[in-house]
Amino acid sequence: MTAPIEWLRWWLVAGGLALVALPVNAALSALVFGIPPLVAVLTGIAQAAALPLILIRPREATALQLLAVVVVALALPPGSVSTWPLTVPGLLTLIAHTGLVSARCDWRATTLTWSVSSVLLPVVALLDPRGRSVGDGLLIEILYPALSALVVGAVMLVRRWREVRRELADARRDVEIEQNQRAIAEERTRIARELHDVVAHGMSVIHMQATSASYRIDDLDPRAEAEFTRIATGARAAMREMRQLLSVLRAQDADAELSPVPGLDGLPDLVASAERAGLPVEVRQTAAVRAAAVPERVALAAYRLVQESLSNVIRHAPGARTQIELRIEGSDLLLSVVNESAPRPAEPMESPELTGHGLTGMRERVRQVGGTLETGVRAGGGYRVAARLPIGAEQ
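Each residue of the sequence shown is one higher than the last, beginning at 405 in the working numbering.
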């Protein structure tokens, strides 16, 4: 139950008791027990008002209730009631008051309220100016502590029962969270194992073949040898990033940053790699972007967006002219990668037959840094990827 609903419930309970106690105490005190009407009305108001006051000012509410009890005891005519120093409605109101205190306050406040109210009744009887004795109020002096103790005990048992239920619910939630974390850890380990078996091993083979090509192939052309060297360099870089990823997957708290995280300063190497693959690329980067303090997470997301976009162009529109643009607008970094139509027919990037996850991964990266992403086929042919990435204070 949420806090506002809990408070509303208690206000309804206390307000309902007050609405019942006010007319009953005022009317019966005046008509049945012989208390002057003005005193009966004022003490009735005080006893009723003390009940909802417990919710915000429990000490002041108890003082007001006990003051009304003293005034009623002094105002009751001698011999007019067998329940002196309280009236029957006053007894029930005082018990309700003590029960509300035990329901809303801690055990110290509850014990103090019950003790003070129980001691107050014989003290009032002992000091009665009309000569009544402690024996005259013996019934109430025994009945009130007993009944109020039963009410307090019942309320405290209910509170404890609710606390136990809440603790059990918290314990079950903790167990579920722990089980989910264990399942996630196991899944991360499984993914790391699969990545190692499928990708890392394959990249190692590519690296080995590219490195040993000059020794295995006779009369290798120098340009081909240089190309094999670049392939080996790219495979080695991919394996390094793969090892970092595997370290993160196997142990979330592991120090996987064995090399600097790729950022905007790595774009020239990325573009050069794409150009070596036969992709003409033009980069437009404003001076404001170079001077901006781009957060590491945003810079990494931008790098991966460009990397994935260039990879998609190489796969689906080989040889297409591509333009990369980065600029600052307000407190956002705007990134776009636009390629023209492929020189030869190519399969569309968003064809339903494709099973890759590149575009999905780009959307997830942008969402993680709080940005937005737009992708789609251009009207004149080609493809466009545009992202808006927040970088903090306005540059």
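Virtual Cβ for every residue (Gly too), placed ideally from N, Cα, C.
Query: V436, DSSP secondary structure in three states; Result: coil
Query: Cβ shell of I544 (< 8 Å), same chain only, five flanking positions each side left out; Result: T487, W488, P489, L490, L495 and L525
Query: Own chain, CB closer than 8 Å to A696, minus 5 neighbours either side, in chain order; Result: I732, L737, I795 and Q799
Query: In DSSP terms, what N429 is bridged to; Result: DSSP, once it has assigned bridges, lists no residue as partnering N429.
Query: Alpha helix (DSSP H) runs wholly inside the region 586 to 644, at least 4 long, in chain order; Result: 605 to 620
Query: Test item: CB-CB of L763 and T776 under 7 Å; Result: no
Query: Per DSSP, the bridge partner or partners of M716; Result: Checking the sequence shown, residue 716 turns out to be Asn, not Met. DSSP, once it has assigned bridges, lists no residue as partnering N716.
Query: Own chain residues within Cβ distance below 6 Å of V742, not counting five before or after; Result: Q727 and R788
Query: Burial state of N802 (16 or more Cβ within 10 Å); Result: The first residue shown for the chain is 405 and the last is 799, placing residue 802 beyond what the model contains.
Query: Contact belief for P456 with A422 at Cβ below 8 Å, rounded distance in angstroms; Result: 6 Å
Query: Rounded straight-line distance, which links the Cα of F437 to that of L468; Result: 21 Å
Query: The region 587 to 594 in contact with the region 632 to 643 per 3-pair CB rule at 8 Å; Result: no
Query: Residue interval of the alpha helix (DSSP H) (run including L738); Result: Careful: L738 lies outside any alpha helix (DSSP H), inside the beta strand (DSSP E) at D736 to N743.
Query: Candidates R688, A465 and S735, of which the one nearest E729 by Cα; Result: R688
Query: Segment contact, 8 Å Cβ cut-off, at least three pairs: the region 702 to 718 with the region 671 to 678; Result: yes
Query: As assigned by DSSP and simplified to three states, the class of V781; Result: strand
Query: Buried/exposed call for W518, threshold 16 Cβ in 10 Å; Result: buried
Query: Residues that DSSP places opposite T776 in a beta bridge; Result: R792
Query: CB contact below 7 Å: L737 versus chain B; Result: Protein chains in the displayed structure number just one, and chain B is not present.
Query: Beta-carbon separation (whole angstroms), L704 vs G667, contact threshold 8 Å; Result: 6 Å
Query: Beta-carbon gap between I439 and A500 smaller than 7 Å; Result: no
Query: Extent of the continuous beta strand (DSSP E) to which T726 belongs; Result: T726 to E733
Query: Reduced DSSP secondary structure (H/G/I, E/B, other) of E661; Result: With a pLDDT of 47 at E661, under the threshold of 50, the modelled position of that residue is not reliable, and no figure is offered here.
Query: Minimum length 3: unbroken beta strand (DSSP E) runs contained in the region 517 to 590; Result: none
Query: Nearest candidate by alpha-carbon position, reference R680, set P699, V693, L650 and T637; Result: T637
Query: Alpha-carbon spacing of A746 relative to G785, whole angstroms; Result: 8 Å
Query: Residue span of the alpha helix (DSSP H) that contains V473, given as start and end; Result: P462 to A479
Query: Option nearest L446 by Cα separation, candidates N429, V492 and L435; Result: N429
Query: Minimum C-alpha distance to L649 - residue among A630, L599, P481 and D669; Result: L599
Query: Alpha carbon of V555 to alpha carbon of L442, nearest angstrom; Result: 31 Å
Query: Own chain residues within Cβ distance below 7 Å of L624, not counting five before or after; Result: A617 and S618
Query: Neighbourhood of P533 by C-beta distance below 8 Å, restricted to the same chain and skipping five residues each side; Result: L478
Query: Spatial neighbours of G448 in its chain, beta-carbon cut-off 7 Å, leaving aside the 5 residues before and after; Result: L426, N429, A430 and S433
Query: Boundaries (first-last residue) of the beta strand (DSSP E) holding A685; Result: Looking at the sequence shown, residue 685 is not Ala but Val. First-last of the beta strand (DSSP E) with V685: V685 to Q689.
Query: Residue interval of the alpha helix (DSSP H) (run including I449); Result: P441 to L457
Query: Separation of V474 from A450, as counted between CA atoms; Result: 12 Å
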